[in-house]
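A.B. asks: My questions all concern the structure below.
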Amino acid sequence: MIYNVVMNTRSAPSLARRERERAETRGKILDAARRMFVLKGYEGTTMRAIAAKIGYTPTAIYHHFKDKDALVAELAGSISGPWHKPFNRPVRWEIHWSGWKRSAPPTSSSA
Numbered sequence: 002m003i004y005n006v007v008m009n010t011r012s013a014p015s016l017a018r019r020e021r022e023r024a025e026t027r028g029k030i031l032d033a034a035r036r037m038f039v040l041k042g043y044e045g046t047t048m049r050a051i052a053a054k055i056g057y058t059p060t061a062i063y064h065h066f067k068d069k070d071a072l073v074a075e076l077a078g079s080i081s082g083p084w085h086k087p088f089n090r091p092v093r094w095e096i097h098w099s100g101w102k103r104s105a106p107p108t109s110s111s112a
């Protein structure tokens, strides 16, 4: 590692490597979280379980994301591409005896 004694800072190659490693770790966390949310849902997924899935400590996960809501917000923000278009229309949530139920809002042609 190159260390600049005068400025007491790390060199540019070291900082670039750390940023790359941070981005890779964040990607692993997001991938594991995405899979777990699909399989177990929001309530069934914990930060501790996500950490265990990828072999990290929960502390490492919290270093990247404040809480589970921040992780979900990051996942929701990553939705893009042409397959994202159906999600751009409004969605209505209704209370159903088995929990929340998603239904599409009425279209103007059905009125």
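Just so you know, we're using the numbering used here here: the sequence shown kicks off at 2 and counts up by one. We put the beta carbon where it would ideally sit given N, CA and C, even for glycine.
Can you tell me which of the three DSSP states Ser15 falls into?
C.D. replies: In the structure shown, Ser15 sits in a helix (DSSP, three-state: H, G or I).
A.B. asks: Any idea what DSSP makes of Thr60, helix, strand or coil?
C.D. replies: Thr60: helix per DSSP, three-state reduction.
A.B. asks: Given this structure, state the Cα-to-Cα distance separating Pro59 from Arg49, to the nearest angstrom.
C.D. replies: Whole-angstrom Cα-Cα distance: 5 Å.
A.B. asks: For the alpha helix (DSSP H) containing Asp68, name the first residue and the last one.
C.D. replies: That residue, Asp68, is in no alpha helix (DSSP H); it is neither H nor E in DSSP.
A.B. asks: Short of 8 Å in beta carbon distance, which residues of its chain neighbour Phe38, apart from the five on each side in sequence? Order them along the chain.
C.D. replies: The residues are Thr46, Val73 and Leu76.
A.B. asks: Below 8 Å on the Cβ atoms is my guess for Lys54 versus Ala71; work out the distance and round it to an integer in Å.
C.D. replies: Between Ala71 and Lys54 the Cβ distance is about 18 Å, and since that is not below 8 Å, they are no contact.
A.B. asks: Take Tyr43 and list the residues in its own chain whose beta-carbon comes closer than 8 Å to its own, dropping the five residues that flank it on each side.
C.D. replies: Excluding residues within five positions, the ones whose Cβ falls inside 8 Å are Lys69 and Val73.
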